[in-house]
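What follows is a set of notes on a single structure, which appears directly below.
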Amino acid sequence: MSKTIFTIPERCVACKSCELACAVEHSCSKTLVGAMMENPPPQRRINIESVGAFTYPSRCQHCSEASCVSACPTGAMQRDAHDAVFSDSDKCIGCWMCVIVCPFGGVTADQSSKKALKCDRCPDRVAKGEAPACVSACPTQTLLYVTPEEFATERRKATAKAAFANSEPTAQPNGMDILRSLKRAN
Amino acid sequence: MDQSILPVIETALLKVAHDKGFETARDRLEAMSPQCGFGELGTCCRICYMGPCRIDPFGNGPKTGICGLTPDAMVARNLLRDTVGGTASHVGHARHVLLTLRDTLNGKAPYQIKGVSKVMALAKTFDVPTEGREVNDICRDLVNIALEDFGRQDEEPNNWLSKRAPQVEQEMWKNLGLMYSNPHNEIETAMHATSMGNDADPMSMMLRVLKMSLIDGWTGLTLTVDLQDILFGVPEIAVTEAAVGVLEENSVNIAAHGHNPVLSEKILEWAAKLEGQARDLGADGINVVGVCCTGNELSMRHGVRLAAHNSQTELILATGAVDAMVVDIQCIWPQLAQVAKCFDTAFITTDAMVRIPDAIHIPFEPHHADDSAKEIVLKALDAFRRRKGKPVDIPQLKSQAVAGLSVEAIINLLSKLNAEDPLKPVLDNVANGNIFGFVGVVGCSSIKFRDNAMTEEMVKHLLRQNVLVLTTGCTAHICAQDGLMTSEATYRYCGDGLKTVLEVLGKAAGLDGPLPPVWHMGACVDNSRIVDLMVALAERLGVKVGQLPAVGSAPELVQEKAVSIGGSFLALGVSCHIAPAPKILGGPMVTQLLTEGLQDILGSVVRVELEPKAAADWMVAHIAEKRTALGL
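Below, the structure written as structure tokens:
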């Protein structure tokens, strides 16, 4: 499976570096200073949402069975060669069916262009072998660019590690305990 | 979480603003939220151009700055720069007042020496001979002693620190290397030390934070207040009113906003002189009202009514009833000019250091104070002429408030109970528990804490537990607006012990009822009055200030000045509650130092509590510990 963007929300500190990097990547110049001078200004496709004391970087999940793609009456919403869901603005008629059906609020109804605006997972960067702009900009590794398999593997390892984080050596060690203590020493 | 309650005055003011379609700070806060965690934690370093650098609080990303600076050094360095900002503000204020006094004595500035008693008291402190001398000559000596502090390069201890601060504490500061000489040199050194590639030791920088705070305490606050009392008089107990309802539809409303009475005293003077012209325009008169801390200065010395604390400044303009808002220094929101533009309001800046786009700028400096003040008041009359007859929207809300509780006013009052030993009645009541302790509630009003009425509710919890509240600055406005500076508040909120004491004091003061339970001691710069009172009590008892059952609280911290003021309390051994959390939590060692370790060094700690009851409970528990240690 293709790499996609995963989120570990408890790491988010709301610095909004992802929002800024996203807008810059979707500008004409692709530089911060250049992007600031563009008119209309470039739009971000990721939003930091507050949930009490926590914050969550919210964006398109690039669903495998994407309801926005099914709901789009003009075929604007489609999938690219890297499995990323993107909207072809030439075909988009601004009916907002995608906005309605997206369970994550991942599509924005852009008021100025009257087109659907969403994460395209930075095809230019991905083509160069780079991670999407938000992932590269994230200083706390809240956003990760990995395959679902890689993410799940990491999660499994972390869960397993956490399960034994506080395990104490037993008072009367059995054979397994001795074996483990030898492994630990190495 | 405590119940969410937006004070009625804020509710009414916000309605006025929203009805007229104004965006307010609350809207801007919402747009700004969530705010960046690196900034909140203090682990964003923007000092050099390899940066900005940010430390990942979860340990997955960068662990140091590009130069290798540790998170603790980063937060300490940022905190030191905050403290420099606060101290520079107060020291600048002090120097301005000092030069005004000097020029007054030289006949170059149109002010008078109104606080002769203060001159005499300070002459005694500074060993200036008074026998057979003119007041102006004595005063000139005091000015020279103060001027020497700003020019010295001999590393000798600063005059205002070494003569005005308590001796026992000075020993403690000497041992820690915290004594200072010339405040300007220290501000320069701190900025130098925090620039790229200098001090990287968090402990060294935290000591500098304390030293900078001491400068704020003794040169920033104490010197300013001493000299302002000389120029404008020592405050005496006066009754005033507070909240937006003090604006009058048919008067020329002039709101004095900022911190420096060198301007606002002259505005008040010229408002009285031009009253006739206002009446000729069909106005009932000129209504000078106080905003923020220059408002507190005027209320302390003249009973001028208080219109708004800092976070209400844009809201009172939205009433359309303010003819002129004249500002000097500190805490002036640029937004004010934008709101003023929508009405006939003349928004007037006066200080070269405070220039705001779309404001009218009328330069004000002491030499030509009368000309400028007259011009400013005339601008207000002009604005009234344009406004007259147009609808205004003034929420009819205000409270009575007793102000003017300088240390001298308090001692005068106590002398009526015990002329020989005025502090004894207070100490007796502390000993018997009628006064459980003291909390100095100081600092700003924050848009982040108005929703839960942080200051008012915290104060009420304290009063119920017989804690006497001394307040200054914008928290004083909050308390005044909420009716906490009235006799009724004593009946309504105080525990029985405190009520008894305040009834006796009210009778001595000749009031109809008890003295209010929250004492208005002035502007934020007047925190030195709270310190003077605590020092007097400690010296009378023969203990250190830090041993008193007293705590400081900045429940709605906004300005850097509140950080350095808090530091000056800590340096005296007085623990402080603050909200929100200081920007240090990204540095575990600095956090540990401020919240625990300081106890062993100075006898004080910092405590963060964001809810009013939790804050009050901690302070009461802390006071209880101090009482136990004193054997009470």
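Sequences listed follow chains A and B, in order.
Counted from 1, the first sequence has number 105 at position 105 by the numbering used here; the numbering is strictly sequential.
Numbers given in the numbering used here equal positions in the second sequence, counted from 1, plus 1000.
A virtual CB, placed ideally from N, CA and C, is assigned to each residue, including glycine.
Closer than 8 Å at the beta carbon, the chain A residues around residue i
i                 : result
Asn1060 (chain B) : Arg11, Thr140, Gln141
Cys1036 (chain B) : Val13, Ala14, Cys15, Lys16
Pro1057 (chain B) : Val13, Thr140
Three-state secondary structure assigned by DSSP to residue i
i                 : result
Phe1343 (chain B) : coil
Phe6 (chain A)    : strand
Lys118 (chain A)  : strand
Thr31 (chain A)   : coil
Val1288 (chain B) : strand
Tyr145 (chain A)  : strand
Trp1270 (chain B) : helix
Lys16 (chain A)   : coil
Trp1160 (chain B) : helix
Lys183 (chain A)  : helix
Arg44 (chain A)   : coil
Trp96 (chain A)   : coil
Phe1438 (chain B) : strand
His1184 (chain B) : helix
His1309 (chain B) : coil
Cys1048 (chain B) : coil
Ala1165 (chain B) : coil
Gly1433 (chain B) : coil
DSSP beta-bridge partners of residue i
i                 : result
Cys1576 (chain B) : B:Gly1552, B:Val1606
Val107 (chain A)  : A:Lys118
Met77 (chain A)   : A:Ser87
Thr1240 (chain B) : B:Ala1401
His1368 (chain B) : Partner(s): none; His1368 (chain B) has no beta bridge.
Leu1013 (chain B) : DSSP output for Leu1013 (chain B) lists no bridge partner at all.
Cys1331 (chain B) : DSSP lists no partner for Cys1331 (chain B).
His1520 (chain B) : B:Thr1471
Leu1417 (chain B) : Answer by DSSP bridge pairing: none, since Leu1417 (chain B) is not bridged.
Asn1253 (chain B) : B:Asn1287
Arg1301 (chain B) : Per DSSP, none; premise fails for Arg1301 (chain B).
Gly1258 (chain B) : B:Cys1292
His1093 (chain B) : Looking at the DSSP assignment, His1093 (chain B) forms no beta bridge with any residue, so it has no partner.
Listed by chain order, chain B residues near residue i by CB distance under 7 Å
i                : result
Ser136 (chain A) : What Ser136 (chain A) touches in chain B: nothing, since even the nearest Cβ is about 12 Å away.
Thr55 (chain A)  : Pro1034
For residue i, the nearest candidate out of the options (CA to CA)
i                 : options                                    : result
Asp1141 (chain B) : B:Ile1267, B:Asn1175, B:Leu1101, B:Asn1158 : B:Leu1101
Ser1372 (chain B) : B:Lys1266, B:Asn1466, B:Lys1273, B:Gln1465 : B:Lys1266
Asn1260 (chain B) : B:Pro1580, B:Val1525, B:Glu1625            : B:Val1525
Thr7 (chain A)    : A:Lys157, A:Pro169, A:Thr147               : A:Thr147
Asp1149 (chain B) : B:Trp1270, B:Met1172, B:Arg1095            : B:Arg1095
Asn1287 (chain B) : B:His1309, B:Ile1316, B:Glu1249            : B:Glu1249
Ala1550 (chain B) : B:Arg1355, B:Ser1604, B:Gly1039, B:Ile1623 : B:Ile1623
Leu1099 (chain B) : B:Leu1147, B:Ile1447, B:Trp1160            : B:Leu1147
Gly1295 (chain B) : B:Leu1013, B:Thr1313, B:Thr1222, B:Asp1451 : B:Thr1313
Val1605 (chain B) : B:Leu1632, B:Pro1580, B:Ala1571, B:Leu1585 : B:Ala1571
Val1467 (chain B) : B:Cys1444, B:Pro1516, B:Ser1564            : B:Pro1516
Residue i classed as buried or exposed, judged by whether at least 16 other C-beta atoms fall within 10 angstroms
i                 : result
Gln1003 (chain B) : Summary for Gln1003 (chain B): the model assigns pLDDT 49, below 50, so the residue's position carries little reliability; its value from the coordinates is reported in the next sentence. Result: exposed.
Met1325 (chain B) : buried
Ile93 (chain A)   : exposed
Cys1342 (chain B) : exposed
Tyr1049 (chain B) : exposed
Met1001 (chain B) : Residue placement at Met1001 (chain B) cannot be trusted, given a pLDDT of 39 that sits under 50; the coordinates are not used to answer.
His1367 (chain B) : exposed
Met1619 (chain B) : buried
Leu179 (chain A)  : exposed
Gly1217 (chain B) : buried
Val1430 (chain B) : buried
Arg45 (chain A)   : buried
Ala160 (chain A)  : exposed
Arg184 (chain A)  : exposed
Gly1290 (chain B) : buried
Ala1165 (chain B) : buried
Interface partners of residue i on chain B, CB under 9 Å
i               : result
Ser50 (chain A) : Ser1033, Pro1034
Residue i: contacting residues in chain A (beta-carbon distance under 9 Å)
i                 : result
Arg1054 (chain B) : Val13, Cys15, Ser17, Pro139, Thr140
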